[in-house]
Ligand SMILES: Nc1ncnc2c1ncn2[C@@H]1O[C@H](COP(=O)(O)OP(=O)(O)OP(=O)(O)O)[C@@H](O)[C@H]1O
Ligand SMILES: [Mg+2]
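In my numbering, the protein residues as written are 114 to 659.
Pasting the structure below:
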């Protein structure tokens with residue numbers, strides 16, 4: 114396989130700037146499928162992880178489709194388009210990126226067969242379009258309504274989404290995700306809206322995933338600047354400042370000529386009095402906590418400590434925004450403009466030790482919808498992957514809450530839709546019928562791949578699965594990857610939001626269509642923006658061995 118692909122990757126003879134017709138299609142399909150194949154083995158709870166090592170030797174270990182593809186070095190435009198599929202899926206729902214890419218790959222694989230049978234691309238495109246619309250309809254038909262208050266279902270959605278990531282402690286993390294999302298969800302009319310900005314994910318290496326926690330407020334990875342300041346402030350009135358509490362050094366080279374010691378003292382006193390004034394302004398506003406985006410001078414720290422005001426410095430802009438949102442504070446860009454109205458409120462601000470480092474917790478905020486998930490992990494890699502899993506699960510639970518509809522996973526919904534799509538194909542007739550049937554087969558790549566990851570024979574599994582789905586009671590039969598048998602996914606509580614599946618169809622089929630439409634690849638002059646081809650044809654380093 115590896116050699117076969119690599120040979121094919123020498124796209125155009127030296128100096129050729131153009132590939133046309135079937136060759137162009139063949140190349141694009143080949144590359145896109147190679148990209149899909151690269152993430153295929155990561156699908157599902159038994160999926161494997163990928164280790165991506167960059168030029169600098171940094172390592173990422175992940176099971177997340179979007180992460181793997183965005184970290185991989187892919188130069189060919191068709192490959193980049195596949196990466197876009199994952200990105201779109203990630204932006205729209207957060208989960209299902211591998212599924213979307215595999216489906217796109219499957220659609221192209223089946224299209225290639227049809228092209229070899231002399232079926233014109235425009236017929237395939239037409240059939241695929243019909244099938245995509247119908248498939249989304251069918252998914253919606255078989256989806257089940259859930260109550261948005263049903264925390265059991267939400268927990269299962271989080272667990273399904275996290276399956277295969279960070280084995281130890283995934284269930285505990287799923288529980289936290291469920292609680293976080295349900296807490297920030299708001300009902301607007303008959304819709305539920307989840308503002309994901311209200312969930313801040315912070316991470317700290319150390320402990321284990323099980324030590325992760327849900328904080329009712331905001332956690333920042335900073336410490337209180339001065340040892341003389343209190344470590345706990347109740348009924349906090351928080352000033353957010355994005356100006357430095359320091360005396361700026363002049364921007365141009367300036368020299369201050371001081372000729373006697375008195376002058377020097379006066380100069381220093383002047384500095385001190387400016388800083389003191391800043392602290393006075395803070396005090397006058399009524400603040401007992403200052404959170405500063407820039408630095409805080411030692412002298413200012415001293416005076417703040419003397420006043421019993423807690424200060425934190427060099428806080429990230431994104432954290433400043435999160436605190437502003439949570440506490441209702443307004444960020445002041447000049448200390449002298451700070452007034453009582455700008456202050457945010459929270460029940461308690463305190464410093465706590467997490468894995469030997471101090472972190473500041475702002476809890477019981479004015480806006481109860483603001484929460485933080487503090488993700489822990491025994492090593493950087495474990496923690497980072499847990500954070501990505503949290504991202505996916507948050508997206509999954511949020512979209513389930515959002516449209517209140519779920520499907521059963523483990524390939525069961527794909528198998529059911531494929532079976533119904535075949536019935537529909539008969540009503541389409543003509544050559545397009547073949548394309549609709551090919552679409553159905555492409556969907557079955559999901560149960561097939563899950564079966565492969567469980568070490569089952571994919572063909573036998575598919576045959577058995579088809580026959581179960583043609584019976585009345587087989588709608589929710591899928592692949593139990595743990596027992597390597599067909600099983601009822603409803604009973605196994607493998608639950609996914611409808612949106613993950615419909616979005617995967619949308620983005621997967623769009624890219625397949627777009628690639629099929631291309632019959633001419635021309636090396637551009639490089640004058641316009643957009644994906645460019647390397648000189649001498651379409652050669653590109655896929656950065657992987659397939
Ligand atoms: N317990 C389970 N048994 C069988 N299948 C499962 C189980 N849990 C999850 N799955 C299936 O695994 C698939 C999801 O796998 P995975 O999370 O690796 O990929 P993805 O969601 O498509 O992409 P990504 O998570 O990388 O963005 C879904 O088809 C889901 O139904
Ligand atoms: Mg997933």
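Yeah, the Cβ is synthetic: ideal placement off N, Cα and C, and Gly gets one too.
| Cut-off 6 Å between Cβ atoms - residues of its own chain near residue 615, not counting five sequence neighbours on either side | Along the chain shown, one-based indexing puts residue 615 at 502. In the same chain as residue 615, and ignoring 5 residues on each side of it, the C-beta atoms closer than 6 Å to its own belong to 249 and 252, in chain order.
| residue 369 by DSSP, collapsed to three states: which one? | To locate residue 369, count along the chain shown from 1; it is residue 256. Coil.
| task | Tell me, please, whether the region 305-318 touches the region 463-475 by the rule of three or more beta-carbon pairs shorter than 8 Å. | result | Yes, the region 305-318 is in contact with the region 463-475.
| message | Quick check on DSSP: helix, strand or coil for residue 120? | response | In the chain shown, counting from the first residue as 1, residue 120 sits at position 7. Reliability of the predicted coordinates at residue 120 is poor, the pLDDT of 38 falling under 50, and the value obtained from them is presented with this limitation in mind. In the structure shown, residue 120 sits in a helix (DSSP, three-state: H, G or I).
| said: By the three-class DSSP mapping on this structure, what secondary structure does residue 133 have? | reply: Position 20 of the chain shown, counting from 1, holds the residue named residue 133. Strand at residue 133.
| field | Candidates 529, 534 and 635, of which the one nearest residue 256 by Cα | value | In the chain shown, counting from the first residue as 1, residue 256 sits at position 143. Taking only the C-alpha atoms, the option nearest residue 256 is 529.
| message | Can you tell me whether residue 459 is helix, strand or coil according to DSSP? | response | Along the chain shown, read from residue 1 onward, the residue named residue 459 stands at position 346. If DSSP states are grouped into helix, strand and coil, residue 459 belongs with the strands.
| message | When you compare the CB positions of residue 214 and residue 306, do they come within less than 8 Å of one another, or not? | response | Residue 214 sits at position 101 when you count from the first residue of the chain shown. Residue 306 sits at position 193 when you count from the first residue of the chain shown. Not a contact, by the Cβ cut-off of 8 Å.
| query | Which value, in whole angstroms, describes the spacing of the CA atoms of residue 458 and residue 436? | reply | Your numbering for residue 458 matches position 345 in the chain shown. Your numbering for residue 436 matches position 323 in the chain shown. About 10 Å.
| said: My parser needs the beta strand (DSSP E) runs of 3 or more residues fully inside the region 397-485; what are they? | reply: List check, beta strand (DSSP E) in window: 402-405, 423-425, 457-467 and 470-478.
| task | Run the CB neighbour count on residue 414, radius 10 Å, all protein chains shown included, and call it buried at 16 or more, exposed below. | result | Within the chain shown, the letter at position 301 stands for residue 414. Burial call: buried.
| What residues sit near ligand 2, counting only those whose C-beta is closer than 7 Å to one of its heavy atoms, in chain order? | Selection output, chain order preserved: 208, 209, 211, 274 and 505.
| field | Cβ-Cβ separation, residue 333 to residue 432 (assumed contact under 8 Å), whole Å | value | The count along the chain shown starts at 1 and reaches residue 432 at position 319. The count along the chain shown starts at 1 and reaches residue 333 at position 220. Contact between residue 432 and residue 333 holds, since their C-beta atoms are separated by about 5 Å, short of 8 Å.
| field | contact_flag[the region 574-584, the region 607-627] where n(CB pairs < 8 Å) is 3 or more | value | Between the region 574-584 and the region 607-627 there are fewer than three C-beta pairs closer than 8 Å, too few to call the two in contact.
| Where residue 502 sits in the DSSP three-state scheme | In the chain shown, residue 502 corresponds to position 389, counting from 1. Of the three classes helix, strand and coil, the one that applies to residue 502 here is helix, per DSSP.
| request: Kindly list the residues whose CB is nearer than 6 Å to the CB of residue 685, restricted to its own chain and excluding five residues on each side of it in sequence; keep chain order. | output: Residue 685 lies beyond the range of the chain shown here (114 to 659); nothing can be said about it.
| C-alpha gap between residue 483 and residue 313, whole angstroms | In the chain shown, residue 483 corresponds to position 370, counting from 1. In the chain shown, residue 313 corresponds to position 200, counting from 1. C-alpha separation (whole angstroms): 8 Å.
| Contacts around residue 281, its chain only, beta-carbon distance under 8 Å, and the 5 residues preceding and following it disregarded | The sequence position of residue 281 within the chain shown is 168, counting from 1. Within the same chain, and ignoring the five residues on either side of residue 281 in sequence, the residues whose Cβ sits closer than 8 Å to its Cβ are 321, 322 and 323.
| request: For residue 326, collect the residues of the same chain with a Cβ closer than 6 Å to its Cβ; drop the 5 residues on either side in sequence, then sort them by chain order. | output: Numbered from 1 along the chain shown, position 213 holds the residue referred to as residue 326. Short of 6 Å from the beta carbon of residue 326, and not among the five residues preceding or following it, lie these beta carbons of its own chain, in chain order: 487.
| query | Between residue 134 and the rest of its own chain, which residues show a CB-CB distance below 7 Å, the 5 nearest in sequence each way excluded? | reply | As a first step, residue 134 is located in the chain shown; it is residue number 21 there, counting from the start. These residues qualify, in order along the chain: 632.
| Roughly how far, in whole angstroms, is the beta-carbon of residue 558 from the beta-carbon of residue 178, given that I think they are within contact range, below 8 Å? | In the chain shown, residue 558 corresponds to position 445, counting from 1. In the chain shown, residue 178 corresponds to position 65, counting from 1. The pair is not a contact, with the Cβ atoms about 14 Å apart (cut-off 8 Å).
| message | Do residue 303 and residue 349 count as a contact pair if the criterion is CB distance below 8 Å? | response | By 1-based counting over the chain shown, the position of residue 349 is 236. By 1-based counting over the chain shown, the position of residue 303 is 190. No, the pair does not count as a contact, with Cβ atoms beyond the cut-off.
| Burial state of residue 132 (16 or more Cβ within 10 Å) | By one-based count along the chain shown, residue 132 stands at place 19. Looking at its Cβ environment, which holds 16 or more other Cβ atoms inside 10 Å, residue 132 is buried.
| task | Give, in chain order, every unbroken run of the beta strand (DSSP E) that is at least 3 residues long and sits entirely within the region 517-590. | result | If we require 3 residues or more, the beta strand (DSSP E) runs fully inside the region 517-590 come out as 518-521.
| Distance cut-off 7 Å: residue 559 Cβ against heavy atoms of ligand 1 | Within the chain shown, the letter at position 446 stands for residue 559. Flag set: Cβ of residue 559 near ligand 1.
| task | Please list, in chain order, all residues of the same chain as residue 259 whose beta carbon is under 8 Å from its beta carbon, the five residues on each side excluded. | result | Along the chain shown, one-based indexing puts residue 259 at 146. Cβ within range, chain order: 266, 513, 517, 518 and 519.
| query | What is the rounded straight-line gap between the Cα of residue 193 and the Cα of residue 337? | reply | For this step, residue 193 is matched to residue 80 along the chain shown. For this step, residue 337 is matched to residue 224 along the chain shown. In this structure, the straight-line span from the alpha carbon of residue 193 to that of residue 337 is close to 45 Å.
| Any non-hydrogen atom of ligand 1 closer than 7 Å to residue 548 Cβ | Position 435 of the chain shown, counting from 1, holds the residue named residue 548. Not one heavy atom of ligand 1 lies closer than 7 Å to the C-beta of residue 548.
| query | Where does the unbroken alpha helix (DSSP H) through residue 307 begin, and where does it stop? | reply | Position 194 of the chain shown, counted from the first residue, corresponds to residue 307. Neither: residue 307 is in no alpha helix (DSSP H) and is coded neither H nor E.
| query | Starting from residue 234 and walking both ways along the alpha helix (DSSP H), at which residues does that stretch end? | reply | As a first step, residue 234 must be located in the chain shown, where it is residue number 121. 234-255 is the span of the alpha helix (DSSP H), which, as asked, contains residue 234.
| query | Between which two residues does the beta strand (DSSP E) carrying residue 610 extend? | reply | For the purposes of this step, residue 610 is taken as the residue at position 497 of the chain shown. Looking at the DSSP string, the run of the beta strand (DSSP E) that includes residue 610 is 608-610.
| In whole angstroms, what is the alpha-carbon distance linking residue 376 and residue 479? | In the chain shown, residue 376 corresponds to position 263, counting from 1. In the chain shown, residue 479 corresponds to position 366, counting from 1. Roughly 49 Å separates the two Cα atoms.
| With a Cβ-Cβ cutoff of 8 Å, do residue 287 and residue 295 count as a contact? | Position 174 of the chain shown, counting from 1, holds the residue named residue 287. Position 182 of the chain shown, counting from 1, holds the residue named residue 295. Contact check for residue 287 against residue 295 fails: the beta carbons are separated by 8 Å or more.
| request: Could you please give the first and the last residue of the uninterrupted alpha helix (DSSP H) stretch that includes residue 202? | output: Stepping through the chain shown from its first residue, residue 202 is reached at position 89. If you look at residue 202, you'll find it in the alpha helix (DSSP H) that goes 190-205.
| query | When the Cα of residue 595 is compared with those of 277, 426 and 187, which residue comes out closest? | reply | Walking along the chain shown from the start, residue 595 turns up at place 482. Residue 595 has its Cα closest to that of 277, out of 277, 426 and 187.
| said: DSSP three-state label for residue 289, please. | reply: Taking the chain shown and counting its residues from 1, the one referred to as residue 289 is at position 176. It is helical.
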